[in-house]
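**Student:**
In the numbering used here, the protein residues as written are 616 to 828.
Shown next as structure tokens:
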């Protein structure tokens with residue numbers, strides 16, 4: 616990447632595909648950003664940039680690279696795809712850039728030590744958030760690329776009418792209005808997302824479901 620391209624992306628601020636870190640103090644926390652990029656649309660992590668976009672750089676880029684690469688190797692599963700490069704800003708300061716593509720092996724997760732629990736993250740606007748069970752299943756099934764069918768009954772008709780008048784709905788709201796249990800509501804929404812009838816918008820509170828444009 617040319618420095619001019621990096622500056623152009625940085626000027627746009629943090630977004631669905633761009634994240635800033637001033638320094639890598641806690642690499643085990645930073646890797647959630649990389650996992651989220653891999654599980655969503657891919658993206659760029661810029662090390663040496665403050666939250667407000669100030670291009671300060673880092674004095675010892677190799678230390679930050681070693682720290683983050685070690686955490687990626689230790690905690691990220693399956694193996695995370697990424698490219699890393701260093702761009703010189705001044706004689707003493709550099710910008711570290713990580714490019715993470717949208718992965719063909721998603722969903723990726725962080726394997727916590729020592730309890731071996733798994734944490735899945737996705738990108739939502741300028742935040743990396745924990746993926747719900749529904750988001751995780753949709754990612755997994757999209758990767759397998761299996762055909763999807765579902766019955767369009769009264770519950771589905773009610774949902775289409777509701778979303779024709781309202782911007783979105785949550786799983787809990789659908790469950791309540793359709794008078795079905797959590798499993799049925801979740802199953803129906805997942806299938807309609809996979810069939811490209813609905814779109815899911817991940818959230819750190821409750822995922823939103825909207826009509827597919």
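Each residue gets a CB set at the ideal place from its N, CA and C atoms; glycine is no exception. Since this is a predicted model, take the numbers as computed values, not measurements.
When the distance is taken between beta carbons, is residue 774 closer than 8 Å to residue 798?
**Tutor:** no
**Student:** How is the alpha helix (DSSP H) around residue 725 delimited, first residue to last?
**Tutor:** Not the alpha helix (DSSP H): residue 725 falls in the beta strand (DSSP E), residues 724 to 726.
**Student:** Report yes if the CB atom of residue 685 is closer than 8 Å to the CB atom of residue 729, and no otherwise.
**Tutor:** no
**Student:** Considering just the uninterrupted stretch of the alpha helix (DSSP H) at residue 801, what are its terminal residues?
**Tutor:** 797 to 809
**Student:** Flag this pair as yes or no: are the beta carbons of residue 823 and residue 762 separated by less than 8 Å?
**Tutor:** Contact check for residue 823 against residue 762 fails: the beta carbons are separated by 8 Å or more.
**Student:** Expressed to the nearest angstrom, what Euclidean distance is found between the alpha-carbon atoms of residue 715 and residue 787?
**Tutor:** 33 Å
**Student:** Using C-beta distances below 6 Å, list every residue in its chain close to residue 743, excluding the 5 sequence neighbours before and after it, in chain order.
**Tutor:** These residues qualify, in order along the chain: 647, 648, 651, 736.
**Student:** Who are the Cβ neighbours of residue 731 in its own chain at under 7 Å, not counting the five residues just before and after it?
**Tutor:** none
**Student:** Below 8 Å between beta carbons: does that hold for residue 672 and residue 705?
**Tutor:** Yes, Cβ-Cβ distance for residue 672 and residue 705 is below 8 Å.
**Student:** So, helix, strand or coil for residue 619, using DSSP?
**Tutor:** helix
**Student:** From the DSSP output, read off the bridge partner residues of residue 658.
**Tutor:** Partner(s): 715.
**Student:** DSSP three-state call for residue 789: helix, strand or coil?
**Tutor:** helix
**Student:** Starting from residue 744, follow the beta strand (DSSP E) in both directions and report where the run begins and ends.
**Tutor:** 742 to 745
**Student:** Looking only at its own chain, which residues have a Cβ that is under 6 Å from the Cβ of residue 807, when we skip the five neighbours before and after it?
**Tutor:** The residues are 813.
**Student:** Give a yes or no on contact between the stretch 744 to 764 and the stretch 690 to 706, applying the rule of three or more CB pairs nearer than 8 Å.
**Tutor:** no
**Student:** According to DSSP, is residue 823 helix, strand or coil?
**Tutor:** strand
**Student:** In the DSSP assignment, the beta strand (DSSP E) including residue 670 goes from what residue to what residue?
**Tutor:** Residue 670 -> no beta strand (DSSP E), and no H or E assigned at all.
**Student:** Out of 654, 819, 644, 638, state which residue places its alpha-carbon closest to the alpha-carbon of residue 718.
**Tutor:** 654
**Student:** Just to confirm the assignment, what range does the alpha helix (DSSP H) spanning residue 816 have?
**Tutor:** Counting along the chain, residue 816 falls outside any alpha helix (DSSP H), though it belongs to the beta strand (DSSP E) covering 813 to 816.
**Student:** Assign residue 748 to one of three DSSP states: helix, strand, or coil.
**Tutor:** helix
**Student:** What do you reckon, are the CB atoms on residue 749 and residue 710 nearer than 8 Å?
**Tutor:** no
**Student:** Taking residue 658 and residue 688 to be in contact with their CB atoms under 8 Å, please state how far apart those CB atoms are, rounded to whole angstroms.
**Tutor:** Wrong, their Cβ atoms sit about 20 Å apart, outside the cutoff.
**Student:** Compare the Cα-Cα distances from residue 629 to each of 665, 638, 768 and report the closest residue.
**Tutor:** 665
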